[in-house]
Amino acid sequence: MISNHRGIGMTSQRTRDRLITRLKEQGIQHPGVLAIMKALPRHLFVDEALASRAYEDTALPIGHGQTISQPFIVARMTEILLEGLPKNKVLEVGTGSGYQTAVLSRLVERVFSVERISPLQNQARERFYQLKFNNIRLKHSDGSWGWEENAPYDGIIVTCAPEQIPTELLKQLAPGGRLVIPVGGSAEQSLRVIDRNGNSFEETELDAVSFVPLLSGHI
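Numbering (my numbering), first residue to last: 223 to 441.
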């Protein structure tokens, strides 16, 4: 059962306002992204022992060698994904805690999310049920294969870093769609944006980032 973690101060509006102010100072401008990150209870997506740090702009461990991404990274990747054409159907690779999934679900029509670690997926599912978020579908699988049955996707967002962009994800991107993905090994990674125009792909390299690796298989 997921606890509500209602400790003193950790859910205060002032604490959340400080985070949003910081995101704006770092260049986040999308009003929808800022609004949902202000409203969404991030403390529900971390262990109770870390809930008091939920509104810090930092990544936090969620077990199984995984992390909940830094709020700035969540905001940045979401803002980039939503640029241009509407993204009605989005694939997320790496559900993790479910926080990025939840942010997306308030901004697009449908979210399909793949997670390779079963206990993390089960916890995320319980959080979505608690929050009454019902436009999210989950799959326990190897994320590098995407989710072909529901392709193509208007947008794909990847929350773990492969050393090379998986071909299957490119195949599942709709014409006019956008893939946002960190790429690289443990020593050096960068955020990439791939836009599909017909059968061609245009790749842009953005910020240096640090993500857990995209691993094969599922557990």
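Glycine is no exception: its CB is placed at the ideal position from the N, C-alpha and C atoms.
These numbers were taken from a predicted model, which means no experiment stands behind them.
task: Under 6 Å Cβ to Cβ from Arg-228, same chain only, skipping five residues before and after it: list those, please.
output: If you number the sequence shown from 1, residue 228 lands on position 6. Low local confidence applies: a pLDDT of 46 at Arg-228 is under 50, so the model's placement there is unreliable, with the coordinate-based value given in what follows. Excluding sequence neighbours, Arg-228 sits near nothing in its chain.
query: Run through DSSP, which three-state label would Ala-396 get?
result: In the sequence shown, counting from the first residue as 1, residue 396 sits at position 174. Ala-396 falls in the strand class under three-state DSSP.
For Phe-294, the first and last residue of its enclosing alpha helix (DSSP H): Position 72 of the sequence shown holds residue 294. That run of the alpha helix (DSSP H) goes 293-304.
task: Taking only runs that begin and end inside the segment 223-291, name each unbroken beta strand (DSSP E) of 3 or more residues, in chain order.
output: Considered as a whole, the segment 223-291 harbours 282-285, 288-290 as its complete beta strand (DSSP E) runs of no fewer than 3 residues, in chain order.
query: Leaving out five residues before and five after Pro-384 in sequence, what residues of the same chain have Cβ atoms less than 8 Å from its Cβ?
result: Along the sequence shown, read from residue 1 onward, the residue named residue 384 stands at position 162. Same-chain partners within the cutoff: Ser-366, Ile-403, Val-405, Pro-435, Leu-436.
query: If you count every other CB in all the chains shown that lies within 10 Å of the CB of Arg-236, and 16 or more means buried, which is it?
result: As a first step, residue 236 is located in the sequence shown; it is residue number 14 there, counting from the start. Result: exposed.
field: Opening and closing residue of the beta strand (DSSP E) in which Phe-334 lies
entry: For the purposes of this step, residue 334 is taken as residue 112 along the sequence shown, with counting starting at 1. Following the DSSP letters along the chain, one finds Phe-334 inside the beta strand (DSSP E) bounded by residues 332-337.
field: CB contact flag (Asp-376, Asn-310, <9 Å)
entry: By 1-based counting over the sequence shown, the position of residue 376 is 154. By 1-based counting over the sequence shown, the position of residue 310 is 88. Cβ distance < 9 Å, so Asp-376 and Asn-310 count as in contact.
- prompt: How would you write the range of the alpha helix (DSSP H) that Glu-348 sits in, first residue to last?
  reply: Within the sequence shown, residue 348 is the residue found at index 126, counting from 1. Element bounds for Glu-348: 340-353.
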